[in-house]
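In this note's numbering, the protein residues as written are 222 to 426.
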Ligand code: DC
C-alpha cells in the first residue's frame with residue numbers, strides 16, 4: 222500500500238481545531254477524524270452504565286461491552302456509532318465534555334483507541350485532530366500543527382457561538398470549564414496534551 226499523508230492538529234479545547242480540520246479535509250479530499258468524538262463516545266457509554274469516568278475497575282469490567290464505529294455521511298460529517306446506535310448528537314453536552322476529559326486519562330481507554338485511530342491513518346489520507354496526535358498517535362505525521370489561544374479567547378468564542386445559536390451561555394462558567402479541562406488534559410500521566418517538537422504552533426488570537 223502506498224504511504225498515506227497525515228495531518229495532525231492538536232491543541233486545547235475550543236481552539237478551533239475541528240472547524241479548520243473539517244474545512245481542510247473537504248478541500249483536500251482527505252478523511253477527517255475528530256478523535257475527541259471517540260473519547261466522548263466512551264464517556265457517554267460509561268455515563269449510561271452509571272460508571273464514573275474515574276472508576277478504573279468499573280471501566281475494566283465493562284469496556285468489552287462497548288463497540289465503537291465511525292461512519293461518514295455524504296457531507297463528510299463523522300458519525301459516532303456506539304453499540305450500533307448513532308450517538309453523534311448525544312456526545313456534545315458540557316457534561317460529556319468533562320467526562321470525556323476524565324475518562325481519557327484512563328490507560329485502558331487510551332490503549333483501546335490507539336489502534337483504532339492508527340488504522341484509519343494507515344488506510345487513508347487523514348486530517349486528525351485531538352490532543353496527542355502528533356506526539357503519540359501519529360508521531361510520523363506528514364504535517365503537525367498545534368493550534369492554540371488563551372483560555373479567555375477560547376471561552377469568549379464559545380460564548381458567542383452558543384449565543385448565536387440561541388442557546389444560553391455564561392462566559393465565567395465556560396471559562397472555568399475550559400480551564401479545568403486544560404488542566405486535566407495537560408496533567409494526565411499518559412499522552413498528555415503537549416506540543417510535539419516538530420509541530421508548527423499557530424496562535425489563533
Ligand atoms: O476535542 P474534544 O473537546 O472533543 O475532546 C474531548 C476530550 O477528549 C478532551 O478534553 C480530552 C480527550 N481527548 C484526548 O484525550 N485525546 C485526544 N486525542 C482527543 C481528545
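All C-beta atoms in this analysis are idealised placements derived from N, C-alpha and C, irrespective of residue type, glycine included. Note that the coordinates shown come from a computational prediction; the quantities given were computed from them, not determined experimentally.
Residue i CB to nearest heavy atom of the ligand PLP below 7 Å
i           : result
residue 256 : Ligands in the displayed structure: the ligand DC; the ligand PLP is not one of them.
Which residues DSSP lists as bridging residue i, in chain order
i           : result
residue 367 : 231, 422
residue 252 : 347
residue 315 : Beta-bridge pairing links residue 315 to no other residue.
residue 301 : 291
Check: residue i C-beta below 7 Å from any heavy atom of the ligand DC
i           : result
residue 378 : no
residue 354 : yes
residue 246 : no
residue 370 : no
residue 503 : The structure shown does not extend to residue 503, since the chain is modelled only from 222 through 426, so no value can be given for it.
residue 362 : no
residue 321 : yes
residue 234 : yes
residue 406 : yes
residue 325 : yes
Backbone secondary structure at residue i - three-state DSSP
i           : result
residue 406 : helix
residue 290 : strand
residue 306 : strand
residue 259 : helix
residue 391 : coil
residue 327 : coil
residue 274 : coil
Is it the case that the segment 267 to 278 contacts the segment 246 to 257, given that we only count it when at least three CB pairs across the two stretches are under 8 Å? no
Taking contact to mean 3 or more Cβ pairs, one atom from each stretch, closer than 8 Å, check whether the segment 241 to 252 and the segment 315 to 323 are in contact. no
May I ask you to verify whether the segment 363 to 372 touches the segment 383 to 391, counting CB pairs closer than 8 Å and requiring at least 3? no
Just checking, does the segment 342 to 354 make contact with the segment 397 to 415 on the three C-beta pairs under 8 Å criterion? yes
Pairs of beta-carbons, one from the segment 327 to 340 and one from the segment 280 to 289, closer than 8 Å: are there three or more? yes
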